[in-house]
Structure formats: C-alpha cells, structure tokens
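Take any residue in the sequence shown, count from 1 to its spot, add 390: that is its number in this note's numbering. For every residue, glycine included, the Cβ atom is placed at its ideal position computed from N, Cα and C. Contents: one structure, followed by commentary.
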Amino acid sequence: MKLRSLLAASALLLSAVTSHAAEFINVLTGGTSGVYYPLGVALSQIYAKAMPDAKTSAQVTKASAENLNLLQAGKGEVGFSLGDAFSDAWKGDAEAGFKAPLNKLRTLAAIYPNYIQIVANADSGIKTLADLKGKKVAVGAPKSGTELNARAIFKAAGMSYQDFAKVEYLPFGESVELIKNRQLDATLISAGLGVAAVRDLASAVKIVIVPVPADVVAKINDAAYQAGTIPANTYNGQTADVPTVAIQNFLVTHEGVPTETVYKMTKALFENLDQMVAAHGAAKAIKLENAAKAPPAPLHPGAEKYYREKGIIK
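Next up, the structure:
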C-alpha cells in the first residue's frame, strides 16, 4: 500500500514538473542592419512579459529562407519571412532553394509590407533600371528573400545579372559600406520603409532611389508583388515619391508549437503593437484586420483561435 501511494505521489510530482517545464520561444529575425532584427527583439520582449514562464530569445539569421528552413526543422518557434519566399517554401520551389515543400510551416500573421529599395550613389549616374547595366550592383545574400526579389524584378524589366559589371551577394549593411567606399554603385534592399542601412547611407553620400514602374511590377505576374510607393522624404535628399514593389511580410510558425502557445503569442503581438512601433516605424503598418489575409500556408490553429475571437475570420 505504501509503495502504491509512493508511486502515485511520484507520478503526480512528475506531472506537475512536466506541466511547468519551461517553454522556449526563439524568434528568428534577420541581419542586424535590417528591420526584422529590431522587431524580433521587441517581439521576444513582448513574449517574455506575456508568458513569464517561457524562455524567450531573438536569433540573428540570414532572414526569410533560413528562417523557414529552421522552422521546418523545429529550430525556432516563430520567424519573419517575405510572402513570396514563404509561398515558394510551402510549394517546394527548387529554383528558390526549397527542394521539397516545407509542409510543417503555419501562418501566424500577415504583418507589414516590404518595399524594394534600389539605392544608388548619385555620382554613379543611375536614375532608371536600365541605367544599372554595366554597373556594380549588390542583390542581397544568396537565396535570401531579397535576392529572390532581385531576380524577379530584373527578369520582369528584361534584364539579368549578366547585364551588370559585377554582382555582389551581400546583406544590407555590407553593401552600404561598399557604396560609401565607392566600391559599389547600387544595392537592392527589400525591407520596411526607413531601414537603418539606407538612412545611414543617405547621411553619408547623396543617393538616388531607382523607380520600379508599375508595368514592370505587373510583368512579375505574382500576387505577392504589388505596386507600392516610397513616400517623399523617407530618406535624406529623396524629395519625391518613388514607385516601387511592395511585398507582404509574415510571421511564420510551425505545426509543432502548441495551440495555446501560438494563441498567446498572437494575442500578445496585437495587444502590444506600440512596442513594435517603438522598435521600428515599419510596424505602423501592422493591422489586426489584415493579419489573416492571403496566408501562403494554413493559419496555425492558435492564431486562428485568436482571429475568430476578434471577429476578423468567421
């Protein structure tokens, strides 16, 4: 009898310990000079307050493609991704670097749009997409969301990497330093408006934001790519609106994260948007009413529970 009671007590204790085991919420971001990183740090801080029993962290990554692969492998609970990369990953687009469909991915929220910002040193004489021919151009880290954007845009404009004198596969911060040092003429950056790397460059040299006309956007023929505008005075010396491409960003999770955890994560995000905006102005565009629109992969049941509760899906 005593043995049975002891075993029962042990089982009860083990159950209590297991139920209170620390949860890990690792937020997969991007490079430190982009927008994903400051927003990811803010998100991890929001989660730390909303879920005090969880261990939260923000991880520097190579952004979209790496984040999606890490989530598929269960090496992170939530990550940032561009919509086109997310769609390619879900479908298993080998050209985009996804040899098989990443079928464990789930959508947490549509957040803010990225804007393609093709930034040139004014001294290079670049004013149009055609002017990039024969120039030294950075297109983002290899197979990153930015680099996938670059391929799509240049193809729609009737161009390829062969048209450039030199192609550099570099993240934002490094490409900006090369432009400052006159070792590079232009860089293509896919990020929220007001990205720190471009602000930094515009304070050091005179820049030109190269327009991507609406007819080029239409030729991309992908619903993830929409015509957008970089408003005048987003950057120092940029005195007019510039037409370009806008691409939705998403927060992505995976099927292995518990429903209740994702519910709390989704709720905490939308109840603390002021903290996200304080981290980076791009977060001003995050709206609850848009959160469940056009998900490239199914909504996670935890996110769906929150959106039903708020009445934005029926």
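The beta strand (DSSP E) with residue i in it runs from where to where?
i    : result
S580 : 576 to 581
V667 : First-last for V667: 663 to 669, but that is the alpha helix (DSSP H), not the beta strand (DSSP E).
V588 : No beta strand (DSSP E) contains V588, which is instead part of the alpha helix (DSSP H) from 586 to 594.
Q573 : No beta strand (DSSP E) holds Q573; DSSP gives it neither H nor E.
L678 : Counting along the chain, L678 falls outside any beta strand (DSSP E), and DSSP gives it neither H nor E.
L418 : 413 to 418
Y615 : 615 to 620
I599 : 597 to 600
Going by DSSP, what residues sit across from residue i in a beta bridge?
i    : result
Y505 : A581, A636
V566 : According to DSSP, which records beta bridges pairwise, V566 is partnered with nothing at all.
H644 : L495
L472 : N639
Y756 : Residue 756 falls outside the range modelled here, since the chain spans only 391 to 704, and no answer is possible.
K556 : K526
N721 : Given that the chain is displayed from residue 391 to residue 704, the structure contains no residue 721 and the question cannot be resolved.
A500 : F640
L659 : None, per the DSSP bridge assignment.
L689 : T497
Our contact map puts residue i next to residue j with C-beta atoms below 8 Å; I'd like the distance itself, whole angstroms only.
i    : j    : result
K683 : A500 : 5 Å
F488 : D474 : Their Cβ separation, rounded to whole angstroms, is 12 Å, which puts F488 and D474 out of contact at 8 Å.
L641 : F476 : Actually they are not in contact, since the Cβ atoms of L641 and F476 sit about 10 Å apart, beyond 8 Å.
I599 : L591 : The pair is not a contact, with the Cβ atoms about 11 Å apart (cut-off 8 Å).
H644 : L472 : Their Cβ separation, rounded to whole angstroms, is 17 Å, which puts H644 and L472 out of contact at 8 Å.
A587 : S423 : 4 Å
V529 : V557 : 6 Å
A520 : I610 : In fact, because the Cβ distance is near 17 Å, the residues do not count as touching under 8 Å.
G535 : S580 : 6 Å
D631 : I620 : 7 Å
Where does the unbroken alpha helix (DSSP H) through residue i begin, and where does it stop?
i    : result
F544 : 535 to 546
V607 : 604 to 610
Relative to the C-alpha of residue i, which candidate in the options has its C-alpha closest?
i    : options                : result
G582 : T634, K596, L498, A547 : T634
G584 : L560, P503, K481, E467 : P503
V450 : V509, K570, L472, V425 : V425
R496 : A490, W480, N511, Q507 : W480
I676 : A687, P691, H690, T656 : T656
I637 : G464, F414, A587, A540 : A540
A668 : I436, F414, S423, L418 : I436
Q616 : A520, P532, Y505, I579 : Y505
A531 : E413, P691, G420       : G420
N662 : Y427, A594, A432       : A432
A555 : A576, T643, I508       : A576
V417 : A440, D443, A448, Y427 : A448
D612 : M666, A672, A546, F562 : A546
L429 : E456, L659, A681       : L659
P685 : G671, D605, A673, I703 : I703
G701 : G692, P691, E679, A463 : E679
A438 : I415, N459, Q573       : I415
T651 : E467, P688, N459       : E467
G524 : Q507, A490, M549, V509 : M549
Y653 : T619, G671, L689       : L689
G646 : N511, S434, T518, A463 : A463
G482 : N459, L498, I508       : N459
Report whether the distance from the Cβ of residue i to the nearest heavy atom of the ligand NAD is below 6 Å.
i    : result
P648 : This structure does not include the ligand NAD; it has no bound ligands of any sort.
What beta strand (DSSP E) runs, 3 residues minimum, are completely inside the region 421 to 462?
Listed in chain order, the complete beta strand (DSSP E) runs (minimum 3 residues) inside the region 421 to 462 are 444 to 449.
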